[in-house]
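A.B. asks: For the first sequence, this note's numbering begins at 162 and goes up steadily by one. My questions all concern the structure below.
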Amino acid sequence: MAKAKFTTHLGMVDILPDESPKWRALENIIHQEAALFNFEEIRTPIMEQTELIVRGIGQLTDIVSKEIFAFTKGDSNYVLRPELTAPVVRAFVEHHLDQRGGSQKLYYMGPMFRAERPQKGRQRQFHQFGVEVIGTDAPAADVEVIAFMMRIYQRIGIKNFELKLNSVGDPESREGYKQALKDFLAPNLDKLSEVSQKRFEKNPMRILDSKEPEDQEFIKQAPVIQDYLNEESTQHFKKVCEALDALGINYTIDPYLVRGMDYYTRTAFELTSPDLGSQDALAGGGRYDLLVEEIGGQPTPAVGFAAGMERLLIACDELDIKLADDKKVDVYIVSLGEKARDWALTHLSALREAGISATMDYQGRSMKAQMKDANRENAHYTLIVGENELEAGEFTLRNMKESDEQSLSFANIIEKLS
RNA sequence: GAGCCCGUAGCUCAGUCGGUUAGAGCGCCAGGUUGUGGCCCUGGAGGUCGUGGGUUCGAUUCCCAUCGGGCUCCCCA
Numbered sequence: 162m163a164k165a166k167f168t169t170h171l172g173m174v175d176i177l178p179d180e181s182p183k184w185r186a187l188e189n190i191i192h193q194e195a196a197l198f199n200f201e202e203i204r205t206p207i208m209e210q211t212e213l214i215v216r217g218i219g220q221l222t223d224i225v226s227k228e229i230f231a232f233t234k235g236d237s238n239y240v241l242r243p244e245l246t247a248p249v250v251r252a253f254v255e256h257h258l259d260q261r262g263g264s265q266k267l268y269y270m271g272p273m274f275r276a277e278r279p280q281k282g283r284q285r286q287f288h289q290f291g292v293e294v295i296g297t298d299a300p301a302a303d304v305e306v307i308a309f310m311m312r313i314y315q316r317i318g319i320k321n322f323e324l325k326l327n328s329v330g331d332p333e334s335r336e337g338y339k340q341a342l343k344d345f346l347a348p349n350l351d352k353l354s355e356v357s358q359k360r361f362e363k364n365p366m367r368i369l370d371s372k373e374p375e376d377q378e379f380i381k382q383a384p385v386i387q388d389y390l391n392e393e394s395t396q397h398f399k400k401v402c403e404a405l406d407a408l409g410i411n412y413t414i415d416p417y418l419v420r421g422m423d424y425y426t427r428t429a430f431e432l433t434s435p436d437l438g439s440q441d442a443l444a445g446g447g448r449y450d451l452l453v454e455e456i457g458g459q460p461t462p463a464v465g466f467a468a469g470m471e472r473l474l475i476a477c478d479e480l481d482i483k484l485a486d487d488k489k490v491d492v493y494i495v496s497l498g499e500k501a502r503d504w505a506l507t508h509l510s511a512l513r514e515a516g517i518s519a520t521m522d523y524q525g526r527s528m529k530a531q532m533k534d535a536n537r538e539n540a541h542y543t544l545i546v547g548e549n550e551l552e553a554g555e556f557t558l559r560n561m562k563e564s565d566e567q568s569l570s571f572a573n574i575i576e577k578l579s
């Protein structure tokens, strides 16, 4: 091969013409469903201030401690956004979106960046879509967020997944639980994995999430947060579960589901798929009632989720789900000779103005080559024009599928195809 | 951040126990049919055998490094 001099950076991929239709189809589905749910789109910059991401997501999380692309220019710190909850909340606070009244139902999609080692379902630049409902702690908001997420997969036809649900409690409940957990783990602290030991002081709940074999024994016997939730959080969780039941959304309660970001409170959930291999999380989210205040706004409860678009598309491939139709064009003009080619070029416009998609060969290649190209482009019709047609003012319209031809004036062709 | 596997044409892969011009299928271009695609036949283009170094008379083949990819762990979308 002529070796490429320039290539993409590690873990960053091009979406090529054969792939882009299914991306567009997915994006269209998300836009349509969001409209049905009355979510409004928000678009924020690719880069944010480093401090926002650190404060928003949490200093000790993997994302912040080892996965962000950050650099300094002049006096400013820049970071490529690793997720969008913190930036959306930043926009909410910065632009006083609470003043629009009611709770803000926002959705987004776009590229995110994390400096990880790439593998299947994991890239350094990848795409997420998600929603954030900011301004209410009503269980109904949690349920709508989950319902929207499930709706996308349902509409696409991905059914093979597991929805895991948990409540990680409000601050009051968490304090009691964290203490109980630490009391339980403390006597055996030296037997826990290195990572878990590090988390013990700052974020003991994440130990529950550990997959280190040496931790499993302790995790199994550890106290469960449900037993430490106060009345309010218990009721909130119960209402979320009941509404999901009423909607017929299946889930399993996983008391060990904690999730990566520090900002989660109460409802936490994750959608996993057996069709993805090792990186099996399709989507995840939860309630983050403290984040708005953490970022400098008025105390404002909120809930949201984010879903990986690459992973959704991988699942589609595994399940042989086709999101996009094959490419096609209505008319391919096959021209013979220079005069005919000039005619073709000017008459493409008339076809397009009538809403008929049209293309042609630009190079004056052989008829066979043009027919072959028309076939490859999946042309519905070829419009064949040569000396004979130009003189007669009647053109050959060939239905490529039926292999059927007729002679028509250009006006009649437009009328027939419109 | 750690471990294992892999890197030959645009794509999917053979092959070389180290030795003249490195192969196939698909794809691409052209001809068979000087005005007709999809099937078929024929021909052509396209590879410094990922890159750099080492061993050797000689390396695509053996060794090392590096880059890229895959899988697993950690974590997450």
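Each residue gets a CB set at the ideal place from its N, CA and C atoms; glycine is no exception.
Find the nearest neighbour of V385 within the set K399, Y338 and A404, judged by alpha-carbon distance.
C.D. replies: Within the first sequence, the letter at position 224 stands for residue 385. Nearest of K399, Y338 and A404 to V385, Cα basis: Y338.
A.B. asks: What residue from R275, G296 and P279 has the CA that sits closest to Q289's CA?
C.D. replies: Along the first sequence, read from residue 1 onward, the residue named residue 289 stands at position 128. Here the closest residue by C-alpha is R275.
A.B. asks: Under the three-state reduction of DSSP, which class applies to E201: helix, strand or coil?
C.D. replies: As a first step, residue 201 must be located in the first sequence, where it is residue number 40. Residue state, collapsed to three classes: strand.
A.B. asks: Please classify G282: is it buried, with 16 or more other beta-carbons within 10 angstroms of its beta-carbon, or exposed?
C.D. replies: Within the first sequence, residue 282 is the residue found at index 121, counting from 1. Buried, since its Cβ has 16 or more Cβ neighbours within 10 Å.
A.B. asks: Rounding to the nearest angstrom, what Cα-Cα distance links Q459 and G262 in this structure?
C.D. replies: The residue labelled residue 459 in the question sits at position 298 within the first sequence. The residue labelled residue 262 in the question sits at position 101 within the first sequence. The alpha-carbon atoms of Q459 and G262 are separated by roughly 14 Å.
A.B. asks: Alpha carbon to alpha carbon, how far is Y231 from P300?
C.D. replies: On the first sequence, residue 231 is found 70 positions in, with the first residue counted as 1. On the first sequence, residue 300 is found 139 positions in, with the first residue counted as 1. One point to set straight first is that residue 231 is Ala, not Tyr, in the sequence displayed. In a straight line, the C-alpha of A231 is about 36 Å away from that of P300.
A.B. asks: Give me the Cα-Cα distance between I475 and Q280, rounded to the nearest whole angstrom.
C.D. replies: Here the question's residue 475 lines up with position 314 in the first sequence. Here the question's residue 280 lines up with position 119 in the first sequence. If you take the alpha carbons of I475 and Q280, they lie about 13 Å apart.
A.B. asks: What are the boundary residues of the beta strand (DSSP E) that P272 is part of?
C.D. replies: In the first sequence, the residue the question calls residue 272 occupies position 111. Looking at the DSSP string, the run of the beta strand (DSSP E) that includes P272 is Q265 to F274.
A.B. asks: Could you tell me the alpha carbon to alpha carbon distance between L506 and T169, rounded to whole angstroms?
C.D. replies: Position 345 of the first sequence, counted from the first residue, corresponds to residue 506. Position 8 of the first sequence, counted from the first residue, corresponds to residue 169. When rounded, the distance between both Cα atoms is 37 Å.
A.B. asks: What does the alpha-carbon distance come out to for the pair Y389 and D179?
C.D. replies: One-based indexing of the first sequence puts residue 389 at position 228. One-based indexing of the first sequence puts residue 179 at position 18. Each residue's Cα considered, the two are about 52 Å apart.
A.B. asks: Nearest to G457 by CA position, among R251, N321, V419 and D481, is which residue?
C.D. replies: For the purposes of this step, residue 457 is taken as residue 296 along the first sequence, with counting starting at 1. G457 has its Cα closest to that of R251, out of R251, N321, V419 and D481.
A.B. asks: I think T205 touches V249, with their Cβ atoms under 8 Å apart; what is that distance to the nearest whole Å?
C.D. replies: Position 44 of the first sequence, counting from 1, holds the residue named residue 205. Position 88 of the first sequence, counting from 1, holds the residue named residue 249. Between V249 and T205 the Cβ distance is about 6 Å, and since that is below 8 Å, they are a contact.
A.B. asks: Just checking my contact of E499 with G525 at CB under 8 Å: how many whole Å lie between their CB atoms?
C.D. replies: Here residue 499 corresponds to residue number 338 of the first sequence, with the count starting at 1. Here residue 525 corresponds to residue number 364 of the first sequence, with the count starting at 1. E499 to G525, Cβ: 7 Å. Contact.
A.B. asks: So what's V294 in DSSP terms, helix, strand or just coil?
C.D. replies: Within the first sequence, residue 294 is the residue found at index 133, counting from 1. Note: V294 maps to strand in three-state DSSP.
A.B. asks: Assuming M311 is part of the alpha helix (DSSP H), what are its boundary residues?
C.D. replies: By 1-based counting over the first sequence, the position of residue 311 is 150. Taken as a continuous stretch (DSSP letters only), the alpha helix (DSSP H) holding M311 covers P300 to I317.
A.B. asks: What is the residue span of the beta strand (DSSP E) that N560 lies within?
C.D. replies: In the first sequence, residue 560 corresponds to position 399, counting from 1. N560 -> beta strand (DSSP E) spans F556 to N560.
A.B. asks: Compare the beta carbon distance of L148 and L326 with 9 Å and say whether it is the shorter of the two.
C.D. replies: Coverage of the chain is limited to positions 162 through 579, which leaves residue 148 absent and any answer about it impossible.
A.B. asks: Out of M311, S371 and Y523, point me to the one whose CA is closest to Y417's CA.
C.D. replies: Position 256 of the first sequence holds residue 417. If we check each option's Cα against that of Y417, S371 comes out closest.
A.B. asks: I'd like the list of long-range same chain contacts for S496, defined as Cβ closer than 6 Å, with 5 residues on each side in sequence excluded.
C.D. replies: Taking the first sequence and counting its residues from 1, the one referred to as residue 496 is at position 335. Contacts found: R502, A505 and V546.
A.B. asks: Comparing alpha-carbon positions, which option in L267, A468, A463 and L432 lies nearest P243?
C.D. replies: If you number the first sequence from 1, residue 243 lands on position 82. Ranking the options by Cα distance to P243, first place goes to A468.
A.B. asks: Opposite N327 in the DSSP bridges: which residues?
C.D. replies: One-based indexing of the first sequence puts residue 327 at position 166. Looking at the DSSP assignment, N327 forms a beta bridge with A429.
A.B. asks: Taking L171 as part of the alpha helix (DSSP H), name the residues at either end of that continuous run.
C.D. replies: On the first sequence, position 10 is the one that residue 171 refers to. Segment: none, L171 is in no alpha helix (DSSP H) and carries neither H nor E.
A.B. asks: From this set, F200, I203, A247 and P182, which residue's C-alpha is nearest T211's C-alpha?
C.D. replies: For the purposes of this step, residue 211 is taken as residue 50 along the first sequence, with counting starting at 1. T211 has its Cα closest to that of A247, out of F200, I203, A247 and P182.
A.B. asks: Identify, in the order they occur along the chain, each residue of the same chain with its Cβ nearer than 6 Å to the Cβ of V286, setting aside the five sequence neighbours on each side.
C.D. replies: As a position in the first sequence, residue 286 is number 125, starting the count at 1. Here residue 286 is Gln; the residue named in the question, Val, does not match the sequence. Counting only Cβ-Cβ distances below 6 Å, and skipping sequence neighbours, we find M173, P272 and F274.
A.B. asks: Using C-beta distances below 8 Å, list every residue in its chain close to N560, excluding the 5 sequence neighbours before and after it, in chain order.
C.D. replies: In the first sequence, counting from the first residue as 1, residue 560 sits at position 399. If we look at N560 and ignore the five residues flanking it on each side, its Cβ neighbours are H541, Y542 and E566.
A.B. asks: Helix, strand or coil, according to DSSP, for V250 in the structure here?
C.D. replies: In the first sequence, residue 250 corresponds to position 89, counting from 1. Of the three classes helix, strand and coil, the one that applies to V250 here is helix, per DSSP.
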